[in-house]
Amino acid sequence: MASPDVATTSNATGKQFEQLDDVVIRFAGDSGDGMQLAGTQFTNVSASFGNDVSTLPDFPAEIRAPAGSLSGVSGFQLQFSSHDIYTPGDNVDTLVAMNPAALKTSLADLKRGGTLIVNEDAYDKGNLTKAGYDRNPLDSADELAGYSLHRVPMTRLTRDAVDGLGLSLKEADRCKNFFALGLVYWLYERDRTPTEDWVKSKFAKNPDIVEANLRALKAGSDFGYSTESFTVHYRVSPAKLKPGKYRKMTGNEALAFGLATAAKLAGEELIFSGYPITPASDILHELSKLKNFGVKTFQAEDEIAAMAAAVGAAFGGSLSVTASSGPGICLKGEAMGLGVITELPIVIVNVQRGGPSTGLPTKTEQSDLLLSMFGRNGESPLPIVAAATPADCFDAAQEAMRLAVEFMTPVVLLSDGYIANGAEPWRIPEISDLTPIRVEHPTELNGDDDFLPYKRDERLVRPWVRTGTPGFEHRLGGLEKADVTGHVEYSPTNHQHMTDVREAKVAGIADHIPEQEVDGPDSGKLLVVSWGGTYGSVRTAVRQFISRGETVAHAHLRYLNPFPRNLGDLLSSYDKVLVPELNNGQLRFLLRNEFLVDAQGFNKVQGKPFLVGELVEHIETLL
Amino acid sequence: MSVELPVLTAKDFASDQELRWCPRCGDYSILAQMKKVLPTLGIPKEKFVFVSGIGCSSRFPYYMDTFGFHSIHGRAPAIATGVKLASPDSQVWVITGDGDALSIGGNHLMHAIRRNVNLKIVLFNNQIYGLTKGQYSPTSPTGKRTKSSPYGSIDNPLSPLSVAIGSEASFVARAVDVDIKHLTMVLERAAHHHGTSFIEVYQDCNVFNSGAFLYASKKDKKADNVVYLEHGKPLIFGKQRDKGIRVNEANRPEVVELGNGITEDDLLFHDEQSPEPSLAFMLARMRYPEFPEPMGVFRDVERPVYDEQVELQMNAARESKGDGDLEALFNTGDTWTVE
Chain Y
0 MASPDVATTS NATGKQFEQL DDVVIRFAGD SGDGMQLAGT QFTNVSASFG NDVSTLPDFP
60 AEIRAPAGSL SGVSGFQLQF SSHDIYTPGD NVDTLVAMNP AALKTSLADL KRGGTLIVNE
120 DAYDKGNLTK AGYDRNPLDS ADELAGYSLH RVPMTRLTRD AVDGLGLSLK EADRCKNFFA
180 LGLVYWLYER DRTPTEDWVK SKFAKNPDIV EANLRALKAG SDFGYSTESF TVHYRVSPAK
240 LKPGKYRKMT GNEALAFGLA TAAKLAGEEL IFSGYPITPA SDILHELSKL KNFGVKTFQA
300 EDEIAAMAAA VGAAFGGSLS VTASSGPGIC LKGEAMGLGV ITELPIVIVN VQRGGPSTGL
360 PTKTEQSDLL LSMFGRNGES PLPIVAAATP ADCFDAAQEA MRLAVEFMTP VVLLSDGYIA
420 NGAEPWRIPE ISDLTPIRVE HPTELNGDDD FLPYKRDERL VRPWVRTGTP GFEHRLGGLE
480 KADVTGHVEY SPTNHQHMTD VREAKVAGIA DHIPEQEVDG PDSGKLLVVS WGGTYGSVRT
540 AVRQFISRGE TVAHAHLRYL NPFPRNLGDL LSSYDKVLVP ELNNGQLRFL LRNEFLVDAQ
600 GFNKVQGKPF LVGELVEHIE TLL
Chain R
0 MSVELPVLTA KDFASDQELR WCPRCGDYSI LAQMKKVLPT LGIPKEKFVF VSGIGCSSRF
60 PYYMDTFGFH SIHGRAPAIA TGVKLASPDS QVWVITGDGD ALSIGGNHLM HAIRRNVNLK
120 IVLFNNQIYG LTKGQYSPTS PTGKRTKSSP YGSIDNPLSP LSVAIGSEAS FVARAVDVDI
180 KHLTMVLERA AHHHGTSFIE VYQDCNVFNS GAFLYASKKD KKADNVVYLE HGKPLIFGKQ
240 RDKGIRVNEA NRPEVVELGN GITEDDLLFH DEQSPEPSLA FMLARMRYPE FPEPMGVFRD
300 VERPVYDEQV ELQMNAARES KGDGDLEALF NTGDTWTVE
């Protein structure tokens, strides 16, 4: 939402400045065009400058999709601003379209009057045909009439810039993302230095590539400065974020940091067992770097083994985690059930993606809530926690670990592709402000002269023993247990009792989590209830109604099982309840079941986050 | 400082649970030998963990007064790997069967062995699914008539030892449930090996596959049908110890009679430490009735042990980077300050 400010000024170059509150940019190109890199660099530079930022990387599942094809378009959208933002923006102010396919897939999202920068060298017959254009849209008066079009011969200019370095044409052409980046840096008055430093360290072993990328970056900026095509450039001042020191974080980074932090503060080792899967693999990557924090990462042979090893590690007495995405979680189901019946603390991270089956590996969705809730055989309850934003993954990971250890239970932590890959500023916490998890392994026997593994405390929690502790030898297993002794026991009354106890233990967690808060009035016409990665869009949409004085409020749930104690009362304090979700109504299903409330849904499964605009439009219809 | 270890006996390893295997099941003997071997190892009782999957054999941990985990079907090697990572100073045993290890859990078995996790894996091979009451297993011979193969099994069986050797096992052995002394020796050797130990035990399921291994277990038959492997010694067998195994010009093993110009020196000498697994593999493929089946340690070599490497990497990282510092971690990369 670029709201042009009045502060238009001139400077020495004769170019005009415009002050803006927020800007949405999308870099779009072929999978091999380096658009993710360009977007990430712009994000880093803007975050370091002090803007609030929110990003949406959007790339194909294929590593190298057919060049020039529509399915091979890789995009990176980001919003940066001088105020708080919660989303990467609905509509794009500046679109960089490196080829016709990128133009075709992204043009609909460009605002009327928006800036359109194209690499005109890539608009040849072959690429046009692959994108389904029968003629060049750049030459058509009507097609792009509503936009501020800048035709830049980027391939040629990049080749000129790197001339003399002895690069092959292919190598030279790979620098053109830096040309595009340089141009956009000029357009939004960004400092090139952080990117220059990054290039120097990234390609340190290859000085020619460093030089080439630096030249391309500068050539792009110079092009903006010197050509008449661009008459205006823009300023977005730093945001007034809460004072403190910040860094940029993606959700997966934050989640890995959160897990390592939980272990470090508890003074325990962390064992992470995982199997590579999009979009969760980065958690494994991040944690595997942290060996000096006492983090052991085990890349298992498959998802089942990863979950099984996590159960084994918890039995051994370590803080234990696994992470995957929907297809992997399906495979883990049986061993998760083993964790439930043996009541061992394990965090199971599900970075959700579009399903069913392999579905949309690189696209976001929230459709594994019911899988988390019910996706195991038997009555198999476990707590479910969901992260709301990339930076929130840090806190959510610690909270999931706290619940697991405090209540001796597997816990599902839900993230999704959108927040896992998306980035935002993260306010670096003071270590002293973090709450350590208490890990207790008993040292005194709880029976007359033996250890009773299923003797519970007042919260129904059983003790957690490290293997190797003398006198505490005991057997666990997947067969039904007798309470207290943990011996195998099939009797009807015992199974009823144990089923009830497992249920009651998890339900009782409601007394140990915060009550649900709402943003907005505490009663009124409409409560919008959301969870997980839709936080940003829903909050932004609801705030618009709040600022108009409508009695619309927003409750964003972190705890999906058990629900916060006051949730039922909250739901009944409003005339209507709306549950927007990126699925076909899974939270709505749970709410209706639990509270007999006539919750309405607003649902979408397109692999993309909600647009603020579509939420606003829908909320209007309910008022 | 040396710590005085209590003297343990087999009884110390017996749990208070009633044994629930069928009368005369081969599992009883394996359990008894295990309880005999453990006290001799000089390891405190709390440092043993028994992990099993699903099947008759997998009830084993309930009958041992050690840490134990009766887990889910086929996953014991993976669960045991997790235990070993969390508890590197424990001796972790995996108790599994032919269905558990080779059918539903084949993948985990293979990968635990290739990583050389310090696990002691004992596979009770009875060539049948016992707990589900008599279906053919991945080691049942072709043609076997069972509840699920009334016309005879058309599945080609797997050799557990071939799988282990193919997975680069560093310790591979075979024993028979009722051959008590030999089984004890094999269990001891496995316990002392550094890395994954894989033992196949021929185990009689007297209810659903009775007598499957009589040729190898019955007193009057086994001498002619079994050849005991000893490192550095020739492969000799027979009641009169008058037969041996020779490798012929086609590089194939063959049974020969000693005498008539054939001496012990002409026979195949066992080398359990051979760097190449080809000898062990050839021995693993010798099947009754064409050959006497080898018993004992097929292979015992040293190679890097997974769980030790994990600890080494952690220690090396701590040495080079220092003990993890959250504040330093949080402040890596580009940061900025908002006043």
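Each protein sequence line maps, in turn, to chains Y and R.
Counting in numbering that gives the first Met the number 0, the first sequence runs from 0 upward without gaps.
Counting in numbering that gives the first Met the number 0, the second sequence runs from 0 upward without gaps.
Ideal Cβ placement from N, Cα and C applies to all residues, glycine included.
Please read these numbers as outputs of a predicted model, since none were measured by experiment.
In three-state terms, what does DSSP make of T42 (chain Y)?
Taking the first residue of the first sequence as position 1, residue 42 (chain Y) is located at position 43. Helix.
Pairing CB atoms from the stretch 523 to 534 of chain Y with CB atoms from the stretch 577 to 591 of chain Y, are three or more of them under 8 Å?
yes
I want to verify the contact list: residues of chain R whose CB lies under 7 Å from the CB of T466 (chain Y), in sequence order.
Here residue 466 (chain Y) refers to the residue found at position 467 when the first sequence is read from its first residue. In chain order: V48, F66, V82, S86, S89.
Figure out for me which residue from Y:P469, Y:N349, Y:L556, Y:V310 has the closest Cα to the Cα of L85 (chain R).
Within the second sequence, numbered from 1, the residue matching residue 85 (chain R) stands at position 86. Note that residue 85 (chain R) corresponds to Ala in the displayed sequence, not to Leu. Checking every option, the nearest Cα to that of A85 (chain R) belongs to Y:V310.
Contact set between E309 (chain R) and chain Y, taken where Cβ atoms lie within less than 7 Å:
Translated into positions along the second sequence, residue 309 (chain R) becomes position 310. Sequence inspection shows Val at residue 309 (chain R); the Glu mentioned does not correspond to that position. Near V309 (chain R) (Cβ distances below 7 Å), the residues of chain Y are K295.
Please identify, using Cβ separations under 7 Å, the residues of the stretch 415 to 430 of chain Y that lie next to chain R, in order along the chain.
I427, I430
Is DSSP giving G336 (chain Y) helix, strand or coil here?
In the first sequence, counting from the first residue as 1, residue 336 (chain Y) sits at position 337. Three-state result, G336 (chain Y): helix.
According to DSSP, residues forming a beta bridge with W92 (chain R)
Counting from one through the second sequence, the residue named residue 92 (chain R) turns up at place 93. DSSP output for W92 (chain R) lists R:F49, R:K119 as bridge partner(s).
Measure the Cβ-Cβ separation of A395 (chain Y) and S324 (chain Y) and say whether it is below 9 Å.
As a working note, residue 395 (chain Y) is residue 396 in the first sequence. As a working note, residue 324 (chain Y) is residue 325 in the first sequence. Contact: no.
C-alpha distance - L148 (chain Y) paired with L622 (chain Y), whole-angstrom precision:
Translated into the one-based positions of the first sequence, residue 148 (chain Y) becomes position 149. Translated into the one-based positions of the first sequence, residue 622 (chain Y) becomes position 623. Rounded to the nearest angstrom, the two C-alpha atoms are 40 Å apart.
Beta-bridge pairing of M63 (chain R) - partner residues as DSSP gives them:
In the second sequence, the residue the question calls residue 63 (chain R) occupies position 64. In DSSP, M63 (chain R) forms a bridge with R:A13.
Interface partners of I78 (chain R) on chain Y, CB under 7 Å
Your numbering for residue 78 (chain R) matches position 79 in the second sequence. Chain Y residues near I78 (chain R): A307, A308, V310, G311.
C-alpha gap between P579 (chain Y) and L525 (chain Y), whole angstroms:
To locate residue 579 (chain Y), count along the first sequence from 1; it is residue 580. To locate residue 525 (chain Y), count along the first sequence from 1; it is residue 526. The straight-line gap from Cα to Cα measures roughly 13 Å.
First and last residue of the uninterrupted alpha helix (DSSP H) at Q599 (chain Y)
As a first step, residue 599 (chain Y) must be located in the first sequence, where it is residue number 600. Run containing Q599 (chain Y): none in the alpha helix (DSSP H); it sits in the beta strand (DSSP E), 599 to 602.
Any idea what DSSP makes of V464 (chain Y), helix, strand or coil?
In the first sequence, residue 464 (chain Y) corresponds to position 465, counting from 1. Note: V464 (chain Y) maps to coil in three-state DSSP.
Confirm, please, whether the CB-CB distance from S73 (chain Y) to Q638 (chain Y) is below 9 Å.
With chain Y represented from 0 up to 622, any question about residue 638 (chain Y) goes unanswered, as that position is not in the structure.
Mind checking whether M285 (chain R) and E292 (chain R) have CB atoms under 9 Å apart?
Position 286 of the second sequence, counted from the start, is the residue given in the question as residue 285 (chain R). Position 293 of the second sequence, counted from the start, is the residue given in the question as residue 292 (chain R). Yes, they are a contact pair.
Residue of R:E17, R:M184, R:C24, R:A9 minimising C-alpha distance to F207 (chain R)
Residue 207 (chain R) sits at position 208 when you count from the first residue of the second sequence. When only C-alpha atoms are compared, the closest one is R:C24.
Identify whether M285 (chain R) lies in helix, strand or coil by the three-state DSSP scheme.
If you number the second sequence from 1, residue 285 (chain R) lands on position 286. The answer is coil: DSSP assigns M285 (chain R) none of H, G, I, E or B.
Helix, strand or coil: which one does DSSP assign to M0 (chain Y)?
What you label residue 0 (chain Y) is simply residue 1 of the first sequence in a count that begins at 1. At M0 (chain Y) the pLDDT is 43, less than 50, meaning the model places this residue with poor confidence and gives no usable figure here.
Applying a beta-carbon distance threshold of less than 9 Å, which residues of chain Y neighbour S166 (chain R)?
If you number the second sequence from 1, residue 166 (chain R) lands on position 167. Going along chain Y, no residue has its Cβ under 9 Å from S166 (chain R), so there is no contact; the nearest lies around 11 Å.
In terms of DSSP beta bridges, what is N124 (chain R) paired with?
The residue labelled residue 124 (chain R) in the question sits at position 125 within the second sequence. DSSP lists R:Y201 as partners of N124 (chain R).
Would P38 (chain R) count as contacting chain Y if we go by Cβ distances under 9 Å?
Numbered from its first residue, the second sequence carries residue 38 (chain R) at position 39. For P38 (chain R), the answer is no, since every Cβ of chain Y falls outside 9 Å of its Cβ.
At the 9 Å Cβ level, is M263 (chain Y) part of the contact set with chain R, yes or no?
Within the first sequence, residue 263 (chain Y) is the residue found at index 264, counting from 1. Note that residue 263 (chain Y) corresponds to Lys in the displayed sequence, not to Met. By this cut-off, K263 (chain Y) is an interface position.
The alpha helix (DSSP H) enclosing T539 (chain Y), as first and last residue numbers:
As a working note, residue 539 (chain Y) is residue 540 in the first sequence. Here the alpha helix (DSSP H) through T539 (chain Y) covers 534 to 546.
Where in the stretch 386 to 461 of chain Y do unbroken runs of the beta strand (DSSP E), each at least 3 residues long, occur, reported from the N-terminal end onward?
409 to 415, 422 to 426
Under three-state DSSP, which class holds H553 (chain Y)?
Within the first sequence, numbered from 1, the residue matching residue 553 (chain Y) stands at position 554. In the structure shown, H553 (chain Y) sits in a strand (DSSP, three-state: E or B).
6 Å Cβ shell around I328 (chain Y) - same chain, five flanking residues per side excluded:
Here residue 328 (chain Y) refers to the residue found at position 329 when the first sequence is read from its first residue. Around I328 (chain Y): N349.
Under 9 Å between beta-carbons, which chain Y residues line up against E357 (chain R)? List them in chain order, please.
There is simply no residue 357 (chain R) to check, as chain R begins at 0 and stops at 338 in what is shown.
Range covered by the alpha helix (DSSP H) that runs through D674 (chain Y):
Absent from the structure is residue 674 (chain Y), since the part of chain Y shown begins at 0 and ends at 622.
I'd like to know whether the C-beta of K342 (chain R) is nearer than 9 Å to at least one C-beta of chain Y.
Lying outside 0 to 338, the shown extent of chain R, residue 342 (chain R) is not represented and no answer is given.
C-alpha gap between D4 (chain Y) and A403 (chain Y), whole angstroms
One-based indexing of the first sequence puts residue 4 (chain Y) at position 5. One-based indexing of the first sequence puts residue 403 (chain Y) at position 404. Any reading at D4 (chain Y) must be qualified, since the residue scores a pLDDT of 45, below 50, and its modelled position is unreliable; the value itself is stated next. If you take the alpha carbons of D4 (chain Y) and A403 (chain Y), they lie about 50 Å apart.
Look up H149 (chain Y) in the DSSP assignment and say whether it is helix, strand or coil.
Locating residue 149 (chain Y) in the first sequence gives position 150, counting from the first residue. Here H149 (chain Y) sits in strand by DSSP.
Three-state secondary structure (DSSP) of T138 (chain R):
Mapped onto the second sequence, residue 138 (chain R) falls at position 139. Coil.
Mind checking K201 (chain Y): buried by the 16 CB within 10 Å criterion, or exposed?
Counted from its first residue, the first sequence places residue 201 (chain Y) at position 202. Looking at its Cβ environment, which holds fewer than 16 other Cβ atoms inside 10 Å, K201 (chain Y) is exposed.
Put Q365 (chain Y) into one of helix, strand or coil per three-state DSSP.
As a first step, residue 365 (chain Y) must be located in the first sequence, where it is residue number 366. Correct three-state label for Q365 (chain Y): coil.
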